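Engineer: According to mature numbering (1 follows the signal peptide of the UniProt record, and there is no 0), the sequence shown holds residues -19 to -1, 1 to 173 in order. Dropping the structure in here first, questions after.
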Amino acid sequence: MKKIFLSVLLLCTVFFSQAQTVTSARFFVDNNRDSFRYIELLLDNDVMVVIDDSGQIESMESARSGGNNSIDRPDFRVSYYDQFDMHDPTGKIKSIGNLQFTYYNTFDIHDKFGLLKSIGDIKIEYYNSFDINDPKGKVKLVGPVKIEYFNKFDRDEDFGRIKSIQGNTSRVAVMGRTNNNNNWRKGRNDRY
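Right, dumping it as structure tokens:
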């Protein structure tokens, strides 16, 4: 009887402790910001999470409901960096379930404090002081996706504007907006 009970207990623990996986992630960038305008994450092929530019959850809803059913109490815990995380930016998402969010902190001296560094296994890089001719602080890589901007070798009035987005996949995609309208373009090898 003890063996059956322990087996059931172990099975339940394994079932309920599964990590959240990113089914797909869409990152939205535009010419007027260094970081992201917002991020859409589809977790476990079921929950759509929208994160705003300040690192807060804007919405969380079931993808199966077609966006009509907001989730008030998700099945997984959301935690934020707080005053006990001395070197990290306070108030930003730390984790959604087992999915970790990391940010550039006080130890990253060549990168801007508080910018998103990774979501799970999706790494994010920015142009920094080593990219001499490129606009500092702008998003450079999101996983396999590369974002290029007009740099010092281009016309002055174009400096810092999105030039191209290359490498989008079905799992990680970057959408670019080059002006103030709401027309987002998904760059596969788009030139702006």
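Where is the CB? At the ideal position from N, CA and C, for every residue including glycine. Since this is a predicted model, take the numbers as computed values, not measurements.
Contact between the segment 24 to 42 and the segment 131 to 139 is defined here as three or more beta-carbon pairs at a separation below 8 Å; is this criterion met?
Structural biologist: With the cut-off at 8 Å, the segment 24 to 42 and the segment 131 to 139 do not touch.
Engineer: Taking Cβ to Cβ, would you say residue 237 is nearer than 8 Å to residue 43?
Structural biologist: Residue 237 cannot be examined here, being either before or after the span of the chain that is shown, -19 to 173.
Engineer: Under a Cβ-count criterion, where at least 16 other Cβ atoms within 10 Å of its own Cβ denotes burial, should residue 1 be classed as buried or exposed?
Structural biologist: It is buried - the Cβ of residue 1 has at least 16 other Cβ atoms within 10 Å.
Engineer: Please confirm whether residue 93 and residue 118 have their CB atoms less than 8 Å apart.
Structural biologist: Their beta carbons are under 8 Å apart, which means residue 93 touches residue 118 by this criterion.
Engineer: Let me confirm a value: residue 35 is counted as buried when at least 16 other C-beta atoms fall within 10 Å, else exposed. Which label applies?
Structural biologist: Exposed: under 16 other Cβ atoms inside 10 Å.
Engineer: Relative to the alpha-carbon of residue 4, which residue among 30, 15 and 14 has its alpha-carbon at the smallest distance?
Structural biologist: Ranking 30, 15 and 14 by Cα distance to residue 4 puts 30 first.
Engineer: In the DSSP assignment, the beta strand (DSSP E) including residue 7 goes from what residue to what residue?
Structural biologist: Residue 7 -> beta strand (DSSP E) spans 3 to 11.
Engineer: Count the other C-beta atoms from every protein chain shown that fall within 10 angstroms of the C-beta of residue 152, then say buried if there are 16 or more, exposed otherwise.
Structural biologist: Exposed, because fewer than 16 other Cβ atoms sit within 10 Å of the Cβ of residue 152.
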